[in-house]
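J.: As given, the protein sequences belong to chains A and B, one line each in that order. Using my numbering, the final residue of the first sequence is 1363, and nothing's skipped along the way. Using my numbering, the final residue of the second sequence is 229, and nothing's skipped along the way. We treat Cβ as the ideally placed atom computed from N, Cα and C, and that holds for glycine. My questions will all concern the structure given below.
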Amino acid sequence: MNLNLENIDNLFRDNLETMEITPSPSVKPVIKKRMFYRNLIKGTYFRIASTAIVLLIVGSASFFILSNNNNSNKNISSSQIAEISSINNTEIKIDQTNSNKKNSKTKVNKPETKKNIADNNKITEKNIIPDNNITDNKTANKSNENHIVNNADKNIVEKQENSQVVKNKENNFKTAEKINTLATETQNNKKQETKINIPAYEINSVNNTEKSTENNSFAIEKSKSKSSLNLPAQTAKKSIEKIDTKNAILLNKSSQLYLPIVNIPDDTIGFTVSGEEIIATSNHWFVGLNISPNYSFINYSVNNQENSNLVNKLNSSSSNGLAFDLGAEFGYQFKNISLISGVNFTQYNEQFNAEYEETLIQDINYWEYNNYTQTIYDTTYYVNIDSLIQGDTSYIQVIDSTQITITDSSLTSTSDTSISKQNMKYVNKYKYIEIPLTIEFTFNRVKKFSPFVRTGLITGLHIKTQGFTYNVENNEQLIENTDLAYVKANFWLLFGAGVRYKLNDKFSLMLYPYYRYHLNDLINDETYYRQSLNNMGIKFGVRYIF
Amino acid sequence: MALDIKIISDCKRGKAYAQELIYDLYSAAMLGICARYAKDISEAEDILQESFIKVFTKISKYDFNTVNSFSAWIKRIVINTALTYIRDNKKHNIFSDIDEENTDLLSYNSEENEVDYPISQQEILELIQKLPVGYKLVFNLYVFEKYTHQDIAIELNISVSTSKTQLFKARKHLQKAILEKLKKKEFKEKVEILL
């Protein structure tokens, strides 16, 4: 072999280029396990992402549709606005006539906000008054107007100002009266349970005014009426005595009728709808966290008659296991109905209490001893000398007997069979990642306590199953089952009913018991027995409303 | 080693049986490659694991039309995985200390290189496994993968001259190691004869 440098390459190439080394047996399972988890994660993410996309599309579409419906209720069409404007103008003229006839000073504060009246003398969309309601309540409006006029008549000012000021004031009064009428009308609409969502600070009405102790000023006391106006006296005074045309809305050009814009503090809100009630009754998105102990009712049923004995034994020895689930949810509430999804990690426990029987075979060796007696005879012949002398040969026979005892020993083996019984406990832990798709109906959602019912479909992805065996001495033996015998995609039907308690506008707590019915088999093998994982639990949760 | 297209297709779909079959077919040959880059068989098996994970996860990119041989495609992945593994597990520059090592290598006389004793495949593998990492990479890529020095320079992010130098030193290192091993073997056999 020539080991010149050029031949080094050939030496190594010839020997190692096609070299094959059989991997140790441990490599293959490791790769399989890693691939399994990789596929599982990939599959899980794919399913979660798919579900999230579907939910996003459905949720967005629902939100869009619902929003449009709400807007159609809330928005006043241009024709409706024109009609309302014309009603304003007409009624203002009538009011002016009436006020001229009365020729008296009336002192009525007209509070308005910038939000309520646009520069073009139109009612903004936040002043939500459906057209049909206005028409239907025309009679009621007129009575309200008369009522207000009467109230205004009672508010007589001691000192009379010049006629133009009076005119302006009267105009202001009439304008205020009209807006008051609209607000009253709105309130009436609400009382008639028409669906009008009006934030409290957006519409203000004047029902009751009382005479002030100050000259040329109006102090409107805080009214006991829900639709009353709470306005500081000084603010009201400014609005009447000196109208700043820059901060006022021109209502009638010919009569130089201005409507002063007065900023009303938030604490002078007079409308009846509280903020909490508005949030409670509005449609909204929400998220929540929940945790629940669950109790599994694992049921075995016969898939093959040959296994009936086994199934009966399993059902009789199976006891239910206490486990848990925890997760996060999100959803959208529309009126009383909520669509809810989320992600849960759930563990179900199954427990068997069985008597473990073990047959013990013990070999026993022992010696057996057999004693027996044997007699040995020894015969001796004697010649009698005397008779021999006499010529007679005679023999005397003497028999000597000896008895001996012989002991025979032998080694004997026997097997001793005994049954050993041990009380064993077997616990199986099934772990799932679940995606619920549920619908919830809430009763009395505006109340602090609101009961609800919930139902839906839960998709569970099997992650892992572990088996534990405990013996009497509580020695734990772990058997991790990764043989993929369990169905990956599982489905449950959810039925639940509970109650939700509102902590405040944003947070609420919920508590609801539920029952979940397993729709498919737990295991893949169809020749085996059927196994379903029904369970019940009590879910505790907290919800945050956007 | 021909492989049914159906098996590769099933492997692309994540079928476990196909993955297992591909592993059974190629694992021995690929471990032979890994062993040349690793310091021992345990490290080679680690590289093999990573390689097959990559094979199974990237098999969707394997194109029957553009790649001539599936085994060549797997081999390419194994080599890249080995290089990545060595880079990731080497904290300092694998080429920084090579020039200082074994300066007496160049003093070997080639006239003494005639030997008649056989050397086993396992012994040759051990020799290459014991090479300094930098030598090992360049020697493997040049001798077995038939890379040019230009390719090696690009692959390992070194200069062409560095690649050439390291190949030369790797050869010298191996030459010395083989001679030492054979001389020991020769001496041992002579002793055994005398005894």
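Interface residues of chain A around B/ILE56 at Cβ under 7 Å?
T.: Position 22 of the second sequence holds residue 56 of chain B. In chain order: nothing, as chain A lies at least about 11 Å away.
J.: Under 8 Å by Cβ, that's how I've got B/PHE173 and B/LEU201 pegged, so tell me the actual separation to the nearest angstrom.
T.: Position 139 of the second sequence, counted from the start, is the residue given in the question as residue 173 of chain B. Position 167 of the second sequence, counted from the start, is the residue given in the question as residue 201 of chain B. Going by Cβ atoms, the distance from B/PHE173 to B/LEU201 rounds to 6 Å, so yes, they are a contact pair.
J.: Using a C-beta to C-beta distance shorter than 7 Å, which residues of chain A count as neighbours of B/ARG47?
T.: Along the second sequence, read from residue 1 onward, the residue named residue 47 of chain B stands at position 13. Within 7 Å Cβ-Cβ: nothing; B/ARG47 doesn't reach chain A, min ~11 Å.
J.: Using a Cβ-Cβ cut-off of less than 8 Å, list which residues of the segment 195–224 of chain B approach chain A; keep chain order.
T.: Correct list: PHE202, ARG205, LYS206, LEU208, GLN209, ILE212, LEU213.
J.: What in chain B is Cβ-close to A/PRO840, meaning under 8 Å?
T.: For the purposes of this step, residue 840 of chain A is taken as residue 23 along the first sequence, with counting starting at 1. By Cβ distance, chain B contributes SER61, ALA62, LEU65, GLU79, LEU82.
J.: So for A/SER843, helix, strand or coil by DSSP?
T.: Within the first sequence, the letter at position 26 stands for residue 843 of chain A. Note: A/SER843 maps to coil in three-state DSSP.
J.: Measure from the alpha carbon of B/ALA52 to the alpha carbon of each residue in A/LEU828, A/MET852, A/LYS1152, then state which is nearest.
T.: Indexing the second sequence from 1 puts residue 52 of chain B at position 18. When each option's Cα is compared against that of B/ALA52, the closest is A/MET852.
J.: Check A/THR1299 in the structure and name its three-state DSSP category.
T.: Locating residue 1299 of chain A in the first sequence gives position 482, counting from the first residue. Unreliable placement is indicated for A/THR1299, whose pLDDT of 49 sits below 50; no coordinate value is reported for it.
J.: Is DSSP giving A/ARG1347 helix, strand or coil here?
T.: Here the question's residue 1347 of chain A lines up with position 530 in the first sequence. Reduced to three states, the DSSP call for A/ARG1347 is strand.
J.: Rounded to a whole number of angstroms, what is the C-alpha to C-alpha distance between B/LYS198 and B/ARG70?
T.: As a working mapping, residue 198 of chain B is identified with position 164 in the second sequence. As a working mapping, residue 70 of chain B is identified with position 36 in the second sequence. Each residue's Cα considered, the two are about 19 Å apart.
J.: Taking only the alpha-carbon atoms, compute the straight-line gap between B/ASP80 and B/ARG121 and give it to the nearest angstrom.
T.: Translated into positions along the second sequence, residue 80 of chain B becomes position 46. Translated into positions along the second sequence, residue 121 of chain B becomes position 87. About 14 Å.
J.: Are the C-beta atoms of A/LEU1278 and some chain B residue less than 8 Å apart?
T.: Locating residue 1278 of chain A in the first sequence gives position 461, counting from the first residue. No, because no Cβ of chain B sits closer than 8 Å to the Cβ of A/LEU1278.
J.: Residues of chain B with CB closer than 7 Å to the CB of A/VAL844, please, in chain order.
T.: Within the first sequence, the letter at position 27 stands for residue 844 of chain A. What A/VAL844 touches in chain B: GLU79, LEU82, GLN83.
J.: Check whether the segment 178–190 of chain B touches the segment 214–223 of chain B, counting contact only when three or more Cβ pairs, one atom from each stretch, lie closer than 8 Å.
T.: Result no; under three Cβ-Cβ pairs closer than 8 Å.
J.: For A/TYR1303, which residues from the same chain have a beta carbon less than 8 Å from its beta carbon, with the 5 sequence-adjacent residues on both sides left out?
T.: Numbered from its first residue, the first sequence carries residue 1303 of chain A at position 486. TYR1247, HIS1279, THR1282, LEU1339, ILE1340, ASN1341, listed in sequence order.
J.: Return the first residue and the last residue of the alpha helix (DSSP H) that B/GLU79 is part of.
T.: Along the second sequence, read from residue 1 onward, the residue named residue 79 of chain B stands at position 45. Counting along the chain, the alpha helix (DSSP H) containing B/GLU79 begins and ends at 75–92.
J.: For my contact list, A/THR1224 and A/ASN1201 are in at a C-beta cut-off of 8 Å; report their separation, rounded to the angstrom.
T.: Indexing the first sequence from 1 puts residue 1224 of chain A at position 407. Indexing the first sequence from 1 puts residue 1201 of chain A at position 384. At roughly 42 Å, the Cβ-Cβ gap does not stay under 8 Å, so A/THR1224 and A/ASN1201 are not in contact.
J.: Out of A/ASP1195, A/SER1235, A/THR1231, A/ASN1107, which one is the CA nearest neighbour of A/SER1218?
T.: As a working note, residue 1218 of chain A is residue 401 in the first sequence. Of the listed residues, the one whose Cα sits closest to A/SER1218 is A/ASP1195.
J.: Which same chain residues end up closer than 7 Å to B/PHE178 when comparing Cβ atoms and leaving out the 5 residues on each side of it in sequence?
T.: Walking along the second sequence from the start, residue 178 of chain B turns up at place 144. The residues are ARG70.
J.: Quick check on A/ASN856 - is its C-beta less than 8 Å from some C-beta in chain B?
T.: By 1-based counting over the first sequence, the position of residue 856 of chain A is 39. By this cut-off, A/ASN856 is an interface position.
J.: Return the residue from the list A/ASN1307, A/TYR1117, A/ARG855 that minimises the CA-CA distance to A/PRO1253.
T.: As a position in the first sequence, residue 1253 of chain A is number 436, starting the count at 1. Comparing Cα-Cα distances from A/PRO1253 to each of A/ASN1307, A/TYR1117, A/ARG855, the minimum goes to A/ASN1307.
J.: For a contact defined as C-beta to C-beta under 9 Å, what are the partners of B/GLN163 on chain A?
T.: What you label residue 163 of chain B is simply residue 129 of the second sequence in a count that begins at 1. Here the premise fails: no neighbours, minimum Cβ distance about 10 Å.
J.: Buried or exposed: which applies to A/LEU873, given that a residue is buried once 16 or more other Cβ atoms fall within 10 Å of its Cβ?
T.: Working through the first sequence from its first residue, we reach residue 873 of chain A at position 56. With fewer than 16 other Cβ atoms within 10 Å, it is exposed.
J.: When we look at the beta-carbon of A/LYS1356 and count the other beta-carbons within 10 Å, is it buried (16 or more) or exposed?
T.: As a working note, residue 1356 of chain A is residue 539 in the first sequence. It is buried - the Cβ of A/LYS1356 has at least 16 other Cβ atoms within 10 Å.
J.: Kindly indicate if chain A contains any beta-carbon less than 8 Å away from that of B/GLN184.
T.: On the second sequence, position 150 is the one that residue 184 of chain B refers to. Cβ-Cβ to chain A under 8 Å: no for B/GLN184.
J.: For A/GLN1191 and A/VAL1215, I'd like the C-alpha separation in whole angstroms.
T.: Indexing the first sequence from 1 puts residue 1191 of chain A at position 374. Indexing the first sequence from 1 puts residue 1215 of chain A at position 398. Their Cα atoms are separated by approximately 19 Å.
J.: How about A/GLY1365 and A/PHE1147: are their beta carbons less than 8 Å apart?
T.: Beyond the ends of chain A as shown, which are 818 and 1363, falls residue 1365 of chain A; an answer cannot be given.
J.: Please state whether DSSP places B/THR182 in a helix, a strand or coil.
T.: Mapped onto the second sequence, residue 182 of chain B falls at position 148. Correct three-state label for B/THR182: coil.
J.: Return no unless some Cβ of chain B is closer than 8 Å to the Cβ of A/MET1327.
T.: The count along the first sequence starts at 1 and reaches residue 1327 of chain A at position 510. With 8 Å as the cut-off, A/MET1327 does not count as an interface residue toward chain B.
J.: Who are the Cβ neighbours of B/LEU208 in its own chain at under 8 Å, not counting the five residues just before and after it?
T.: Along the second sequence, one-based indexing puts residue 208 of chain B at 174. Here the set comprises LEU161, ILE162, LEU165, PHE173.
J.: Please classify A/ARG1333 as buried or exposed, where buried requires at least 16 neighbouring CB atoms within 10 angstroms.
T.: Working through the first sequence from its first residue, we reach residue 1333 of chain A at position 516. Answer is buried; the Cβ neighbour count reaches 16.
J.: Using Cβ-Cβ distances below 8 Å, what residues of the segment 824–835 of chain A are close to chain B?
T.: Cβ contacts with chain B: ILE825, ASP826, LEU828, PHE829, ARG830, ASN832, LEU833, GLU834, THR835.
J.: Thinking just about the alpha-carbon of each residue, which of B/ILE42, B/SER154, B/TYR169, B/HIS183 is nearest to the one in B/PHE104?
T.: Within the second sequence, numbered from 1, the residue matching residue 104 of chain B stands at position 70. Residue B/ILE42 is the option with its Cα nearest to B/PHE104.
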